[in-house]
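J.: Dropping the structure in here first, questions after.
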Amino acid sequence: MKIKPLVWIIAGTSEGRKLIKYFADKDVELLVSVATEYGAQLIEPQANLIIKPARMDCAAMEAFIVLHKPCMVIDATHPFATIVTATIKKACAATGVKYFRLLRSAGDTSGCIEVNDYEEAAEFLSHVDGNIFLTTGSKTLEIFTQIPNYQERITLRILPMLSSLEKATNLGYAPSKIICMQGPFSTELNAIMFKESKSKYVVTKDSGAVGGFPEKKAAAINSGAHLVVIKRQSGDNGGDFTALLTEIDSILSKEAGQC
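When we follow our numbering, the leftmost residue of the sequence shown carries the number 3, and every step to the right adds one.
And the structure:
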């Protein structure tokens with residue numbers, strides 16, 4: 003009996019979900035891990051798919067690889083999940099399994115205010131006046147509490163998860179200025195939110211076209227707001243969707259059941 007190769011995808015982006023769908027009619031078994039139950043709910047079921055919602059440290063990843071013996075690991079986490087990516091790389095190197103990084107193309111940041119990290123963004127915003135629209139997620143909300151009068155100045159847009167909402171309110175963000183929504187967001191919807199919140203600055207990560215960056219940029223221009231962009235860290239090597247599939251398909255076709 004032919005043994006199907008097992009592929010482990012660590013998901014966390016819309017590209018990751020697209021990759022999972024691509025494998026639906028392929029002769030492989032898929033193990034997909036996501037950080038939260040909410041992330042698991044966004045993935046459509048398919049016959050060759052097992053979803054495991056769990057956060058793992060390096061030791062847990064190594065044990066997972068030894069137990070399940072995947073022929074490759076595909077890192078489809080967010081381009082700003084640098085700690086997770088470093089952990090995956092380390093676990094793959096320790097166990098000798100093939101590692102692939104699925105990357106999205108960077109956005110056009112011309113005309114934007116670029117900063118190196120969240121701390122630099124908060125420092126910049128601490129020295130300017132005007133309302134702020136924050137679209138960088140819930141993980142780094144505490145960094146922006148250093149901004150003077152942040153409770154009145156900042157409007158948040160975060161995922162519709164109870165844990166995210168509780169974190170925001172516990173940090174003192176005003177409930178009336180918290181929007182809990184899952185994207186994608188059109189230019190028009192972004193512009194309405196920016197205008198209604200009277201935001202002079204919109205803070206975003208360089209999440210690329212797939213992450214809605216062009217729509218945010220266009221909406222900021224339309225609403226008269228400045229776009230503050232947190233740059234990606236350099237040194238994250240990988241391929242976009244098309245390039246990655248070409249390489250993966252080549253490996254799977256060569257190694258087949260011996261992967």
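Backbone N, C-alpha and C define an ideal beta-carbon position, used for all residues, glycine too.
Can you say whether residue 2 is buried or exposed, counting buried as having 16 or more other CB atoms within 10 angstroms of its CB?
T.: Absent from the structure is residue 2, since the part of the chain shown begins at 3 and ends at 261.
J.: Could you tell me the alpha carbon to alpha carbon distance between residue 139 and residue 161, rounded to whole angstroms?
T.: 7 Å
J.: What does the alpha-carbon distance come out to for the pair residue 127 and residue 149?
T.: Cα-Cα distance, rounded: 7 Å.
J.: Can at least three beta-carbon pairs, one atom from the segment 18-27 and one from the segment 40-55, be found at a separation below 8 Å?
T.: yes
J.: Is residue 89 near residue 60, with beta carbons less than 8 Å apart?
T.: yes
J.: Could you check the C-alpha separation between residue 212 and residue 16 for me, to the nearest Å?
T.: 7 Å
J.: Among the residues of its own chain, which have a CB less than 8 Å from the CB of residue 208, if the five just before and after it don't count?
T.: If we look at residue 208 and ignore the five residues flanking it on each side, its Cβ neighbours are 81, 108, 109, 111, 215, 231, 232, 233, 234.
J.: Per the DSSP calculation, residue 77 is bridged to which residue(s)?
T.: 12, 103
J.: Let me check one thing: in DSSP terms, what residues is residue 160 bridge-paired to?
T.: 182
J.: Which same chain residues, not among the five before or five after residue 72, have their C-beta less than 7 Å away from its C-beta?
T.: Only 8, 9, 10, 33, 99 meet the Cβ criterion.
J.: Pull up the distance between the alpha-carbon of residue 142 and that of residue 5, whole angstroms please.
T.: 44 Å
J.: Which same chain residues end up closer than 8 Å to residue 67 when comparing Cβ atoms and leaving out the 5 residues on each side of it in sequence?
T.: 10, 75, 93, 94, 97, 99
J.: Can you look up residue 175 in the DSSP assignment and give me helix, strand or coil?
T.: coil
J.: Which value, in whole angstroms, describes the spacing of the CA atoms of residue 132 and residue 122?
T.: So the alpha carbons of these two residues sit roughly 17 Å apart.
J.: Tell me whether residue 3 sits in a helix, a strand or coil according to DSSP, three-state version.
T.: Reliability fails at residue 3, whose pLDDT of 48 lies under 50, so the model's placement of it is uncertain and the value that follows must be treated cautiously. Note: residue 3 maps to coil in three-state DSSP.
J.: Specify the secondary structure class of residue 126 as computed by DSSP and reduced to three states.
T.: helix
J.: Output yes or no for whether 8 Å exceeds the beta carbon distance between residue 120 and residue 145.
T.: yes
J.: In this structure, does DSSP put residue 216 in helix, strand or coil?
T.: helix
J.: Just reading off the beta strand (DSSP E) that residue 133 is part of, what are its end residues?
T.: Membership of residue 133 in the beta strand (DSSP E) is indicated by the continuous run 133-136.
J.: Given that a residue counts as buried once 16 or more other Cβ atoms are within 10 Å of its Cβ, and exposed if not, what is residue 52?
T.: Note on residue 52: under 16 other CB atoms within 10 angstroms of its CB, so exposed under the neighbour-count rule.
J.: Return the CA-CA distance between residue 186 and residue 172, expressed in angstroms with no decimal places.
T.: 27 Å
J.: So is residue 192 buried or exposed if we call it buried at 16+ other beta carbons inside 10 Å?
T.: buried
J.: Can you give me the C-alpha to C-alpha distance between residue 179 and residue 39, rounded to a whole angstrom?
T.: Those two C-alpha atoms are separated by around 26 Å.
J.: By DSSP, does residue 145 sit in helix, in strand, or in coil?
T.: helix
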